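Protein chains in written order, with our numbering: chain A, 39 to 288; chain B, 39 to 288. Single-structure report; data block below.
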DNA sequence: GAGTGGTCTAGACCACGAC
DNA sequence: TCGTGGTCTAGACCACTCT
């Protein structure tokens, strides 16, 4: 499975290129090279670390596989800008929407601050030594061509997302992940989505213009930044009849 | 995502290692090395093709990424045995079942021969020059601890699966893919599953001991052999409330 | 033309597995 | 001990991108 190597979490202290990959990853996480920027060239890196070109290339290959780096022939090796677009829609097929059509619009229904639940403290790795850790909780509705399609609950840890707590929700962008990057310096690198089946309660149904009890698909997402920290919890609900997902099995 | 390179379908005539990978893949498809067997060693291959070791290694890496080969340090490089186990269950979480418990049992409810639909002819690439191409269609129920859980419709093309057409369904194994290999020489290498939401009709509901109209998840699978041919179409239905699937997003 | 990553070579030595 | 794949070296030349 090309499933993932999270280098920092694995026993890659074995080989030289594994150690190099960890070292380079650390330099990226520390912000020495920012998302979208090129890192040093292979030859420079090889020289500065005192190893052969092929060894550096193996290290870079690991980071490319992890999605941290992207290589462009003739240009350089770049730090990935992270997830963008509207990846949540990959789970649904709504009539009147395809890849080429206008992107969905989004509307923040509510926003508030509250104390973290135990589960959130655990997921976010918040330290509760001093004061009880806080989170921002949002309700968000995403529409395609004026029709409400997805209802989301989003939880963001403080103080990391402090800049957003003070912003009027009218000013929030339609796309959250690029906004996280710009406002908070948080680059979402990957996510884990857990899908299950449920039914809409009365409030949820009203938001989506469906009947109470209508079948829905529930997507529970954990999103992670460059350093591998979980920095967003999100639950998304959409009409089960619009659900369509394709998976490659091997 | 490490999404897939199907070498034979891509423009890999460019590099030497791409061509080598195609050549090796062809030798495997032709049966020179069978699933589970080791291929020649790297050094032998490099020698016989007159290239450097590193070049052969790049070619092998492509085939490993495609799931055709598996490398074992100190032992050799082996032709993959293909998919096995019970991959369909990865979409469901049934109470009383986990990875370590007993595998599900299966029961063939019916089996018949019929002419291919236009869609099946297209999927299987059957040639209808001479006689109308035939398929085997099965209904199959999979149970966990005496409780029926999954209802499947399976379509297999003739003449490829001819040996199965003449077997009593009592003799069919619980695991189909290993049986395809043994009886028909067909090695299932990968599959594409398309998931959607539906509701059980009366007949289906009765089989699964659920109410008519009960929500279900529908899995439509196309399974492919070593040569990349589609050789099985399968639709699986299971209780939507037991549906649970986790996907990595990048 | 200069700089980047991509391909390829011809070696060396290491780590694992089987005998 | 031997054969396997895994790591690493120190080069060469090619292909792409920008100026």
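The C-beta atom is built at its ideal place from N, Cα and C for all residues, glycine as well. This structure is a prediction, so every number in the text was calculated from the model and none was measured.
Note on the segment 156–201 of chain A: whole beta strand (DSSP E) runs with a minimum of 3 residues are 172–182 and 185–195, in chain order. Excluding five sequence positions before and after residue 265 (chain B), the CB atoms of its chain that fall closer than 7 Å to its own CB belong to 67, given in chain order.
Here residue 184 (chain B) has no same chain residue with a Cβ atom under 7 Å from its own Cβ, once five neighbours each way along the sequence are excluded. Interface criterion not met: the Cβ of residue 93 (chain A) is under 8 Å from no Cβ in chain B. Assignment of residue 229 (chain A) by DSSP, reduced to helix, strand and coil, places it in the strand class.
Taking residue 158 (chain A) as reference, the option from A:244, A:260, A:286 and A:282 with the minimal CA-CA separation is A:260. Put simply, the CB of residue 265 (chain A) is far from chain B, with every gap to its CB atoms at 8 Å or more. Contacts with chain A at 8 Å (Cβ-Cβ) do not include residue 135 (chain B). In this structure, the beta-carbon distance from residue 257 (chain B) to residue 129 (chain B) falls below 8 Å. Contact note: residue 69 (chain B) does not reach chain A at a C-beta cutoff of 9 Å; the least C-beta distance is about 21 Å.
Beta-bridge pairing by DSSP links residue 234 (chain B) to A:282 and B:256.
Proximity of chain B to residue 260 (chain A) at the Cβ level (cut-off 9 Å) is not reached, the minimal Cβ distance being about 10 Å.
Straight-line spacing of the CA atoms in residue 254 (chain A) and residue 156 (chain A) works out to 27 Å. Judged by beta-carbon spacing, residue 179 (chain A) lies beyond the 8 Å limit of residue 272 (chain A), meaning their Cβ atoms are not closer than that value. Per DSSP, residue 149 (chain A) is one residue of the beta strand (DSSP E) stretching across 143–153. Going by DSSP, residue 270 (chain A) is part of the beta strand (DSSP E) stretching over 268–277. For the set B:269, B:279 and B:59, the Cα lying nearest the Cα of residue 105 (chain B) is the one of B:59. Taking the Cβ atoms as the reference, residue 228 (chain B) lies roughly 7 Å from residue 286 (chain A), within the contact range of under 8 Å. Per the C-alpha coordinates, the member of B:218, B:208 and B:187 positioned closest to residue 201 (chain B) is B:218.
The beta carbons of residue 122 (chain B) and residue 282 (chain A) sit about 27 Å from each other, so the pair does not count as a contact at 8 Å.
The criterion of a C-beta distance shorter than 8 Å is satisfied by residue 195 (chain A) and residue 171 (chain A). Rounded to whole angstroms, the gap between the alpha carbons of residue 192 (chain A) and residue 79 (chain B) is 53 Å. Residues of the segment 226–251 of chain B with a C-beta less than 7 Å from any C-beta of chain A: 228, 229, 230, 231, 232, 233, 234 and 235, listed in chain order. Taking CB atoms only, residue 281 (chain A) has a neighbour in chain B less than 8 Å away. Ranking B:167, B:72 and B:160 by CA distance to the CA of residue 223 (chain B) puts B:72 first. The segment 139–151 of chain B and the segment 85–98 of chain B do not touch, with fewer than 3 CB-CB distances between them shorter than 8 Å. Counting only the Cα atoms, residue 140 (chain A) lies some 35 Å from residue 251 (chain B).
Ranked by Cα distance from residue 94 (chain A), the first of A:69, A:57 and A:110 is A:57.
If you draw a straight line from the Cα of residue 160 (chain B) to the Cα of residue 167 (chain B), it is about 13 Å long.
Taking every protein chain shown into account, the CB of residue 220 (chain B) has fewer than 16 other CB atoms within 10 angstroms, so this residue is exposed. Residue burial annotation: residue 190 (chain B) is buried, with at least 16 other C-beta atoms found within 10 angstroms of its C-beta.
For residue 161 (chain A), no CB of chain B lies under 8 Å from its own CB, so it is not counted at the interface with that chain. Using a Cβ-Cβ cut-off of 8 Å, residue 219 (chain B) does not count as an interface residue toward chain A, since no Cβ of chain A sits closer than that to its own. Flagged as an interface residue toward chain B: residue 287 (chain A), by a C-beta distance shorter than 8 Å. If you draw a straight line from the Cα of residue 63 (chain B) to the Cα of residue 163 (chain B), it comes to about 20 Å. In this structure, the alpha-carbon of residue 209 (chain A) lies about 48 Å from that of residue 99 (chain B).
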